[in-house]
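Trainee: -11 is the number of the first residue of the sequence shown in the working numbering; add one for each residue after it.
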Amino acid sequence: MPLEDLFEDDIEEEESEHAQEELCKRFGVLSNPFPSAAQTSGHPHLSVSADKKVDRAVKAFIGTANSYALAVTASQGIGKTNLLNAYENALHEKLRDRGFFVIRYVADPEPSFDPLVRSIFQQLGAVHLKRVIRAASGINRKGPVEAYFEGIRLPDMRNMIESLIYSKNNSEREDFDYAIELAQQWLLGLPVRKAHREELRVHFRLDTVESKTRALRDLVLFSAKLDKLRGVFILLDELEKQAGNLSKSVVLRYLSALRALIDALPKYLFLMVALTTDALQRYREMLPALKGRLANEVELQPIRDADEALMYWHFYLEKARKTAKETAKENEWQCGKKDIVGEDEALEAFASLSKQSSIEGVRQRDYLNELNSLAMPRLDI
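(1) Who are the near neighbours of residue 88 in its chain, counting only those whose CB is closer than 6 Å to its CB and skipping five residues on each side?
(2) Return yes when the Cβ of residue 228 is within less than 7 Å of the Cβ of residue 264, no when it is not.
(3) Span of the beta strand (DSSP E) holding residue 92?
(4) Looking at C-alpha atoms only, which residue of 259, 287, 201 and 248 is the closest neighbour of residue 109?
(5) Express the C-alpha separation of residue 214 and residue 122 in angstroms, rounding to a whole number.
(6) Kindly indicate the opening and closing residues of the beta strand (DSSP E) around residue 311.
(7) Which value, in whole angstroms, describes the spacing of the CA atoms of residue 190 and residue 212?
(8) Going residue by residue through the stretch 126 to 185, where are the continuous beta strand (DSSP E) segments of at least 3 residues, counting only ones entirely within it?
(9) I need the DSSP call for residue 378, collapsed to helix, strand or coil.
(10) Specify the secondary structure class of residue 204 as computed by DSSP and reduced to three states.
(11) Measuring only the C-alpha atoms, how far is residue 94 from residue 322?
(12) When DSSP labels each residue in this structure, what does residue 252 get in the three-state scheme?
(13) Using C-beta distances below 8 Å, list every residue in its chain close to residue 106, excluding the 5 sequence neighbours before and after it, in chain order.
(14) Measure the C-alpha to C-alpha separation of residue 353 and residue 32 and round it to an integer number of angstroms.
(15) Pull up the distance between the alpha-carbon of residue -1 and that of residue 6, whole angstroms please.
(16) If we ignore side chains and look at the alpha-carbon of each, how far apart do residue 169 and residue 254 end up?
(17) Taking just the CA atoms, how far does residue 153 sit from residue 127?
(18) Residue range of the alpha helix (DSSP H) that residue 274 falls in?
(19) Between which residues of its own chain and residue 62 is the CB-CB distance below 6 Å, once the five residues before and five after are set aside?
(20) Residue 101 by DSSP, collapsed to three states: which one?
(21) Beta carbon of residue 101, beta carbon of residue 242: below 7 Å?
(22) Between the stretch 63 to 82 and the stretch 16 to 33, do at least 3 Cβ pairs fall closer than 8 Å?
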(Lines of atoms letter the chains of each structure in order from A and count residues from 1; the text may use other names and numbers.)
(Lines give C-alpha, C1' and ligand atoms only; values in the text may rest on other atoms or scores of the structure.)
Protein backbone atom coordinates (compact mmCIF):
# COMPACT_ATOMS: atom_id res chain seq x y z
CA MET A 1 0.00 0.00 0.00
CA PRO A 2 1.43 3.43 -0.92
CA LEU A 3 2.62 5.52 2.05
CA GLU A 4 1.80 2.71 4.45
CA ASP A 5 4.51 3.81 6.86
CA LEU A 6 4.09 7.55 6.32
CA PHE A 7 3.54 8.42 9.99
CA GLU A 8 5.00 5.34 11.62
CA ASP A 9 8.56 6.47 10.92
CA ASP A 10 8.14 10.13 11.84
CA ILE A 11 11.33 11.51 13.31
CA GLU A 12 10.88 13.18 16.65
CA GLU A 13 12.33 16.62 17.22
CA GLU A 14 15.39 15.31 19.04
CA GLU A 15 16.06 12.74 16.31
CA SER A 16 15.64 15.41 13.66
CA GLU A 17 18.23 17.59 15.37
CA HIS A 18 20.53 14.59 15.61
CA ALA A 19 20.17 13.97 11.86
CA GLN A 20 20.99 17.61 11.16
CA GLU A 21 24.02 17.38 13.41
CA GLU A 22 25.26 14.29 11.59
CA LEU A 23 24.69 15.96 8.23
CA CYS A 24 26.61 19.00 9.44
CA LYS A 25 29.47 16.86 10.73
CA ARG A 26 29.80 15.03 7.43
CA PHE A 27 29.06 17.67 4.78
CA GLY A 28 28.85 21.00 6.62
CA VAL A 29 25.22 21.56 5.55
CA LEU A 30 21.83 21.15 7.22
CA SER A 31 19.77 20.26 4.14
CA ASN A 32 20.01 19.98 0.37
CA PRO A 33 21.99 23.04 -0.79
CA PHE A 34 20.58 22.97 -4.31
CA PRO A 35 16.96 23.90 -5.15
CA SER A 36 14.81 21.50 -7.11
CA ALA A 37 13.03 22.61 -10.28
CA ALA A 38 9.80 22.95 -8.29
CA GLN A 39 11.34 25.38 -5.80
CA THR A 40 10.81 28.77 -7.42
CA SER A 41 11.48 30.88 -4.33
CA GLY A 42 13.35 30.83 -1.06
CA HIS A 43 16.79 30.09 -2.48
CA PRO A 44 19.80 32.39 -3.00
CA HIS A 45 20.52 34.57 -6.00
CA LEU A 46 23.93 34.52 -7.67
CA SER A 47 24.71 38.00 -8.96
CA VAL A 48 25.19 38.12 -12.73
CA SER A 49 26.04 40.91 -15.17
CA ALA A 50 22.35 41.80 -15.50
CA ASP A 51 22.29 42.82 -11.82
CA LYS A 52 24.59 45.77 -12.53
CA LYS A 53 22.17 47.13 -15.15
CA VAL A 54 19.22 46.77 -12.80
CA ASP A 55 21.20 48.38 -9.97
CA ARG A 56 21.99 51.41 -12.12
CA ALA A 57 18.34 51.79 -13.11
CA VAL A 58 17.14 51.55 -9.48
CA LYS A 59 19.72 54.08 -8.26
CA ALA A 60 18.78 56.52 -11.04
CA PHE A 61 15.10 56.18 -10.15
CA ILE A 62 15.69 56.75 -6.44
CA GLY A 63 17.83 59.77 -7.21
CA THR A 64 15.49 61.49 -9.67
CA ALA A 65 12.02 59.94 -9.10
CA ASN A 66 11.63 59.86 -12.90
CA SER A 67 9.63 56.79 -13.86
CA TYR A 68 11.48 53.85 -15.37
CA ALA A 69 10.29 50.68 -17.10
CA LEU A 70 12.56 47.69 -17.49
CA ALA A 71 11.97 44.36 -19.23
CA VAL A 72 13.86 41.35 -17.83
CA THR A 73 13.89 38.70 -20.55
CA ALA A 74 15.08 35.12 -20.98
CA SER A 75 13.65 31.77 -21.96
CA GLN A 76 12.09 29.56 -19.30
CA GLY A 77 14.32 28.33 -16.48
CA ILE A 78 17.09 30.93 -16.85
CA GLY A 79 16.42 32.86 -13.62
CA LYS A 80 13.87 35.64 -14.21
CA THR A 81 11.80 34.79 -11.13
CA ASN A 82 14.93 34.30 -9.05
CA LEU A 83 16.13 37.78 -10.04
CA LEU A 84 12.78 39.38 -9.19
CA ASN A 85 12.71 37.55 -5.85
CA ALA A 86 16.19 38.85 -5.05
CA TYR A 87 15.30 42.45 -5.90
CA GLU A 88 12.01 42.26 -4.04
CA ASN A 89 13.86 41.21 -0.88
CA ALA A 90 16.66 43.74 -1.39
CA LEU A 91 14.28 46.63 -2.01
CA HIS A 92 12.23 45.78 1.08
CA GLU A 93 15.40 45.61 3.16
CA LYS A 94 17.14 48.73 1.82
CA LEU A 95 14.12 51.01 1.41
CA ARG A 96 12.14 50.19 4.55
CA ASP A 97 10.61 53.33 6.08
CA ARG A 98 11.95 55.53 3.28
CA GLY A 99 8.67 56.22 1.52
CA PHE A 100 8.96 53.52 -1.15
CA PHE A 101 6.44 50.77 -1.82
CA VAL A 102 7.46 47.44 -3.33
CA ILE A 103 4.69 45.45 -4.99
CA ARG A 104 5.27 41.97 -6.41
CA TYR A 105 2.64 40.67 -8.78
CA VAL A 106 2.27 37.55 -10.92
CA ALA A 107 0.00 37.87 -13.96
CA ASP A 108 -1.34 34.35 -13.88
CA PRO A 109 -3.02 34.87 -16.57
CA GLU A 110 -5.84 37.40 -16.19
CA PRO A 111 -8.40 38.67 -18.70
CA SER A 112 -8.24 42.15 -17.18
CA PHE A 113 -5.62 44.56 -15.88
CA ASP A 114 -7.98 45.47 -13.05
CA PRO A 115 -6.59 42.99 -10.46
CA LEU A 116 -3.12 44.51 -10.75
CA VAL A 117 -4.32 48.08 -10.17
CA ARG A 118 -6.51 46.88 -7.31
CA SER A 119 -3.52 45.08 -5.83
CA ILE A 120 -1.54 48.34 -5.87
CA PHE A 121 -4.27 50.08 -3.87
CA GLN A 122 -4.33 47.14 -1.44
CA GLN A 123 -0.56 47.31 -0.97
CA LEU A 124 -0.66 51.05 -0.35
CA GLY A 125 -3.51 50.35 2.03
CA ALA A 126 -5.47 52.28 4.62
CA VAL A 127 -2.33 52.92 6.70
CA HIS A 128 -0.76 54.93 3.89
CA LEU A 129 -4.01 56.79 3.25
CA LYS A 130 -4.15 57.77 6.94
CA ARG A 131 -0.59 59.10 6.83
CA VAL A 132 -1.37 61.20 3.78
CA ILE A 133 -4.54 62.66 5.28
CA ARG A 134 -2.84 63.41 8.62
CA ALA A 135 -0.11 65.28 6.77
CA ALA A 136 -2.64 67.18 4.66
CA SER A 137 -4.79 68.06 7.66
CA GLY A 138 -1.75 69.45 9.46
CA ILE A 139 -1.00 71.72 6.52
CA ASN A 140 -4.65 72.73 6.33
CA ARG A 141 -4.53 74.02 9.92
CA LYS A 142 -1.60 76.28 9.08
CA GLY A 143 -2.97 77.55 5.78
CA PRO A 144 -4.64 76.57 2.51
CA VAL A 145 -3.83 73.14 1.13
CA GLU A 146 -5.00 74.18 -2.33
CA ALA A 147 -1.54 73.99 -3.92
CA TYR A 148 -1.34 70.31 -3.07
CA PHE A 149 -4.50 69.60 -5.06
CA GLU A 150 -2.96 70.84 -8.31
CA GLY A 151 -2.86 67.99 -10.78
CA ILE A 152 -5.70 65.98 -9.24
CA ARG A 153 -7.94 65.27 -12.21
CA LEU A 154 -10.73 63.14 -10.77
CA PRO A 155 -13.37 65.33 -9.08
CA ASP A 156 -14.37 62.41 -6.86
CA MET A 157 -10.76 61.96 -5.74
CA ARG A 158 -10.56 65.61 -4.73
CA ASN A 159 -13.90 65.34 -2.91
CA MET A 160 -12.73 62.22 -1.10
CA ILE A 161 -9.48 63.81 0.09
CA GLU A 162 -11.22 67.01 1.20
CA SER A 163 -13.82 64.96 3.08
CA LEU A 164 -11.15 62.90 4.82
CA ILE A 165 -9.24 66.04 5.83
CA TYR A 166 -12.43 67.50 7.26
CA SER A 167 -13.16 64.24 9.11
CA LYS A 168 -9.64 64.15 10.56
CA ASN A 169 -9.91 67.71 11.86
CA ASN A 170 -13.51 67.67 13.05
CA SER A 171 -14.54 64.11 13.93
CA GLU A 172 -13.87 61.51 16.57
CA ARG A 173 -11.17 58.94 15.86
CA GLU A 174 -13.71 56.18 15.26
CA ASP A 175 -15.52 58.30 12.70
CA PHE A 176 -12.26 59.11 10.93
CA ASP A 177 -11.30 55.43 10.82
CA TYR A 178 -14.71 54.66 9.35
CA ALA A 179 -14.23 57.32 6.67
CA ILE A 180 -10.83 55.84 5.80
CA GLU A 181 -12.43 52.40 5.50
CA LEU A 182 -15.04 53.80 3.11
CA ALA A 183 -12.33 55.51 1.08
CA GLN A 184 -10.38 52.28 0.76
CA GLN A 185 -13.53 50.50 -0.41
CA TRP A 186 -14.07 53.13 -3.07
CA LEU A 187 -10.46 52.95 -4.28
CA LEU A 188 -10.77 49.18 -4.62
CA GLY A 189 -13.74 49.65 -6.92
CA LEU A 190 -16.57 48.53 -4.65
CA PRO A 191 -20.06 49.89 -5.40
CA VAL A 192 -20.82 53.44 -4.27
CA ARG A 193 -23.38 53.28 -1.45
CA LYS A 194 -25.19 55.97 0.48
CA ALA A 195 -22.41 56.05 3.09
CA HIS A 196 -19.77 56.74 0.43
CA ARG A 197 -21.81 59.58 -1.04
CA GLU A 198 -22.51 61.17 2.34
CA GLU A 199 -19.12 60.68 4.02
CA LEU A 200 -16.81 61.15 1.03
CA ARG A 201 -18.96 63.02 -1.50
CA VAL A 202 -18.05 60.51 -4.23
CA HIS A 203 -20.62 59.70 -6.89
CA PHE A 204 -19.06 57.36 -9.43
CA ARG A 205 -17.72 53.87 -8.93
CA LEU A 206 -14.15 53.11 -9.99
CA ASP A 207 -15.33 50.19 -12.08
CA THR A 208 -12.96 50.46 -15.05
CA VAL A 209 -9.22 50.08 -15.41
CA GLU A 210 -9.05 53.62 -16.76
CA SER A 211 -10.80 55.17 -13.77
CA LYS A 212 -8.69 53.17 -11.29
CA THR A 213 -5.51 54.19 -13.10
CA ARG A 214 -6.50 57.87 -12.93
CA ALA A 215 -7.32 57.53 -9.23
CA LEU A 216 -3.97 55.83 -8.63
CA ARG A 217 -2.17 58.62 -10.44
CA ASP A 218 -3.92 61.28 -8.34
CA LEU A 219 -3.19 59.48 -5.06
CA VAL A 220 0.48 58.91 -5.92
CA LEU A 221 1.07 62.53 -6.94
CA PHE A 222 -0.79 63.90 -3.91
CA SER A 223 1.17 61.60 -1.59
CA ALA A 224 4.45 62.64 -3.18
CA LYS A 225 3.70 66.35 -2.75
CA LEU A 226 3.21 65.70 0.95
CA ASP A 227 6.50 63.75 1.14
CA LYS A 228 4.65 60.58 2.12
CA LEU A 229 5.66 58.69 -1.00
CA ARG A 230 8.92 58.67 -2.93
CA GLY A 231 8.22 55.88 -5.35
CA VAL A 232 6.38 52.68 -6.19
CA PHE A 233 8.23 49.60 -7.41
CA ILE A 234 6.06 47.12 -9.33
CA LEU A 235 7.72 43.78 -10.08
CA LEU A 236 5.51 42.02 -12.62
CA ASP A 237 6.37 38.37 -13.25
CA GLU A 238 5.40 35.74 -15.85
CA LEU A 239 3.76 38.19 -18.24
CA GLU A 240 4.25 35.73 -21.12
CA LYS A 241 1.41 33.58 -19.75
CA GLN A 242 -1.10 36.17 -20.96
CA ALA A 243 -0.49 35.36 -24.63
CA GLY A 244 -0.42 31.63 -24.04
CA ASN A 245 -3.86 31.41 -22.45
CA LEU A 246 -5.94 34.39 -23.61
CA SER A 247 -7.22 35.66 -26.93
CA LYS A 248 -5.30 38.29 -28.87
CA SER A 249 -7.93 40.99 -28.20
CA VAL A 250 -7.85 40.36 -24.45
CA VAL A 251 -4.04 40.43 -24.38
CA LEU A 252 -4.06 43.65 -26.40
CA ARG A 253 -6.38 45.30 -23.86
CA TYR A 254 -4.09 44.16 -21.05
CA LEU A 255 -1.01 45.56 -22.77
CA SER A 256 -2.81 48.82 -23.53
CA ALA A 257 -3.68 49.16 -19.85
CA LEU A 258 -0.05 48.49 -18.92
CA ARG A 259 1.06 51.21 -21.31
CA ALA A 260 -1.56 53.56 -19.85
CA LEU A 261 -0.22 52.94 -16.34
CA ILE A 262 3.30 53.83 -17.48
CA ASP A 263 2.03 56.96 -19.24
CA ALA A 264 -0.10 58.03 -16.26
CA LEU A 265 2.90 58.22 -13.94
CA PRO A 266 5.86 60.03 -15.52
CA LYS A 267 7.31 60.16 -12.00
CA TYR A 268 7.40 57.84 -8.97
CA LEU A 269 6.93 54.52 -10.85
CA PHE A 270 9.57 51.84 -11.35
CA LEU A 271 8.15 48.96 -13.36
CA MET A 272 10.17 45.78 -13.80
CA VAL A 273 8.51 43.21 -16.06
CA ALA A 274 9.82 39.66 -16.37
CA LEU A 275 8.83 37.68 -19.47
CA THR A 276 10.30 35.45 -22.14
CA THR A 277 12.23 37.05 -24.98
CA ASP A 278 9.74 35.72 -27.55
CA ALA A 279 6.79 37.11 -25.60
CA LEU A 280 8.32 40.59 -25.47
CA GLN A 281 8.82 40.55 -29.23
CA ARG A 282 5.22 39.41 -29.82
CA TYR A 283 3.85 42.07 -27.48
CA ARG A 284 5.86 44.78 -29.20
CA GLU A 285 4.41 43.68 -32.54
CA MET A 286 0.87 43.58 -31.15
CA LEU A 287 1.17 47.03 -29.61
CA PRO A 288 3.94 49.09 -31.27
CA ALA A 289 3.54 51.83 -28.63
CA LEU A 290 4.74 49.33 -26.03
CA LYS A 291 8.11 49.08 -27.77
CA GLY A 292 9.06 52.55 -26.62
CA ARG A 293 7.69 52.01 -23.12
CA LEU A 294 9.70 48.80 -22.66
CA ALA A 295 12.76 49.85 -24.64
CA ASN A 296 15.06 49.15 -21.67
CA GLU A 297 15.77 45.43 -21.73
CA VAL A 298 18.01 43.23 -19.61
CA GLU A 299 18.50 39.76 -21.06
CA LEU A 300 19.54 36.89 -18.81
CA GLN A 301 21.78 34.14 -20.18
CA PRO A 302 21.93 30.40 -19.50
CA ILE A 303 25.04 28.73 -18.09
CA ARG A 304 27.48 28.84 -20.99
CA ASP A 305 30.52 26.87 -19.86
CA ALA A 306 31.98 24.63 -17.18
CA ASP A 307 33.57 27.51 -15.27
CA GLU A 308 30.20 29.23 -14.91
CA ALA A 309 28.59 25.94 -13.89
CA LEU A 310 31.15 25.59 -11.10
CA MET A 311 30.34 29.13 -9.97
CA TYR A 312 26.73 28.07 -9.36
CA TRP A 313 27.80 24.83 -7.69
CA HIS A 314 30.22 26.65 -5.37
CA PHE A 315 27.83 29.54 -4.62
CA TYR A 316 24.92 27.37 -3.45
CA LEU A 317 27.22 25.04 -1.53
CA GLU A 318 28.88 27.90 0.33
CA LYS A 319 25.55 29.59 1.11
CA ALA A 320 24.34 26.36 2.71
CA ARG A 321 27.58 26.00 4.65
CA LYS A 322 27.36 29.54 5.96
CA THR A 323 23.87 28.85 7.30
CA ALA A 324 25.04 25.58 8.82
CA LYS A 325 27.98 27.25 10.57
CA GLU A 326 25.65 29.67 12.33
CA THR A 327 23.50 26.80 13.60
CA ALA A 328 26.56 24.73 14.49
CA LYS A 329 28.00 27.58 16.54
CA GLU A 330 24.78 27.88 18.54
CA ASN A 331 24.67 24.12 19.21
CA GLU A 332 28.42 23.49 19.47
CA TRP A 333 28.42 21.11 16.50
CA GLN A 334 31.31 20.33 14.21
CA CYS A 335 31.15 21.20 10.51
CA GLY A 336 32.54 18.74 7.98
CA LYS A 337 34.29 19.86 4.82
CA LYS A 338 33.35 17.03 2.49
CA ASP A 339 31.30 18.20 -0.49
CA ILE A 340 27.83 16.67 -0.60
CA VAL A 341 28.17 16.89 -4.39
CA GLY A 342 31.75 16.85 -5.62
CA GLU A 343 33.31 19.19 -8.16
CA ASP A 344 33.81 16.36 -10.65
CA GLU A 345 30.16 15.39 -10.31
CA ALA A 346 29.09 18.99 -10.88
CA LEU A 347 31.18 19.16 -14.06
CA GLU A 348 29.87 15.82 -15.27
CA ALA A 349 26.28 16.96 -14.66
CA PHE A 350 26.86 20.10 -16.71
CA ALA A 351 28.48 18.17 -19.55
CA SER A 352 25.60 15.69 -19.65
CA LEU A 353 22.95 18.43 -19.66
CA SER A 354 24.83 20.36 -22.35
CA LYS A 355 24.48 17.41 -24.72
CA GLN A 356 20.73 17.22 -24.08
CA SER A 357 20.03 20.97 -24.12
CA SER A 358 17.87 22.50 -26.85
CA ILE A 359 19.52 25.90 -26.35
CA GLU A 360 23.10 27.14 -26.39
CA GLY A 361 24.06 26.43 -22.82
CA VAL A 362 22.23 24.88 -19.86
CA ARG A 363 19.25 26.34 -18.04
CA GLN A 364 20.02 27.23 -14.43
CA ARG A 365 16.85 25.46 -13.31
CA ASP A 366 17.90 22.19 -14.99
CA TYR A 367 21.45 22.32 -13.66
CA LEU A 368 20.49 23.07 -10.06
CA ASN A 369 17.78 20.41 -10.19
CA GLU A 370 20.38 17.87 -11.33
CA LEU A 371 22.66 18.83 -8.43
CA ASN A 372 19.66 18.53 -6.11
CA SER A 373 19.04 14.99 -7.37
CA LEU A 374 22.69 14.05 -6.84
CA ALA A 375 22.62 15.35 -3.27
CA MET A 376 19.28 13.85 -2.30
CA PRO A 377 20.38 10.23 -1.53
CA ARG A 378 23.20 11.54 0.68
CA LEU A 379 20.79 13.33 3.00
CA ASP A 380 19.62 10.00 4.41
CA ILE A 381 22.05 9.52 7.28
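Glycine included, C-beta positions come from ideal geometry on N, C-alpha and C.
Mentor: According to the structure data:
(1) Residue 88 sits at position 100 when you count from the first residue of the sequence shown. Closer than 6 Å at the Cβ level, and outside the excluded window around residue 88, lie 218 and 219.
(2) Against the sequence shown, residue 264 aligns to sequence position 276. Against the sequence shown, residue 228 aligns to sequence position 240. The criterion of a C-beta distance shorter than 7 Å is satisfied by residue 264 and residue 228.
(3) Within the sequence shown, residue 92 is the residue found at index 104, counting from 1. Residues 88 to 94.
(4) Translated into the one-based positions of the sequence shown, residue 109 becomes position 121. The shortest Cα separation from residue 109 among 259, 287, 201 and 248 belongs to 201.
(5) In the sequence shown, residue 122 corresponds to position 134, counting from 1. In the sequence shown, residue 214 corresponds to position 226, counting from 1. Between the C-alpha atoms of residue 122 and residue 214 there is a straight-line separation of about 10 Å.
(6) On the sequence shown, position 323 is the one that residue 311 refers to. From DSSP, residue 311 is part of no beta strand (DSSP E) but of the alpha helix (DSSP H) over 294 to 319.
(7) On the sequence shown, position 202 is the one that residue 190 refers to. On the sequence shown, position 224 is the one that residue 212 refers to. Taking the straight line joining both Cα atoms gives about 23 Å.
(8) none
(9) Here the chain covers residues -11 to 369 and nothing more, so residue 378 does not appear.
(10) For the purposes of this step, residue 204 is taken as residue 216 along the sequence shown, with counting starting at 1. DSSP places residue 204 in helix when its eight states are reduced to three.
(11) Translated into the one-based positions of the sequence shown, residue 94 becomes position 106. Translated into the one-based positions of the sequence shown, residue 322 becomes position 334. Going by C-alpha positions, residue 94 is about 42 Å away from residue 322.
(12) Within the sequence shown, the letter at position 264 stands for residue 252. Reduced to three states, the DSSP call for residue 252 is helix.
(13) As a working note, residue 106 is residue 118 in the sequence shown. Around residue 106: 176, 177 and 200.
(14) In the sequence shown, the residue the question calls residue 353 occupies position 365. In the sequence shown, the residue the question calls residue 32 occupies position 44. Distance between the alpha carbons of residue 353 and residue 32 is about 13 Å.
(15) Taking the first residue of the sequence shown as 1, we reach residue -1 at position 11. Taking the first residue of the sequence shown as 1, we reach residue 6 at position 18. Note that residue -1 has pLDDT 48, beneath the 50 cutoff, so the model's placement of it is unreliable and the number below is only indicative. Rounded to the nearest angstrom, the two C-alpha atoms are 10 Å apart.
(16) Numbered from 1 along the sequence shown, position 181 holds the residue referred to as residue 169. Numbered from 1 along the sequence shown, position 266 holds the residue referred to as residue 254. Computed Cα separation, rounded: 29 Å.
(17) As a first step, residue 127 is located in the sequence shown; it is residue number 139 there, counting from the start. As a first step, residue 153 is located in the sequence shown; it is residue number 165 there, counting from the start. Cα to Cα, the separation comes out at about 10 Å.
(18) Against the sequence shown, residue 274 aligns to sequence position 286. First-last of the alpha helix (DSSP H) with residue 274: 265 to 274.
(19) Numbered from 1 along the sequence shown, position 74 holds the residue referred to as residue 62. Same-chain partners within the cutoff: 68 and 288.
(20) By 1-based counting over the sequence shown, the position of residue 101 is 113. Coil at residue 101, not helix or strand.
(21) Numbered from 1 along the sequence shown, position 113 holds the residue referred to as residue 101. Numbered from 1 along the sequence shown, position 254 holds the residue referred to as residue 242. The beta carbons of residue 101 and residue 242 sit closer together than 7 Å.
(22) The stretch 63 to 82 and the stretch 16 to 33 touch, with no fewer than 3 CB-CB distances between them shorter than 8 Å.
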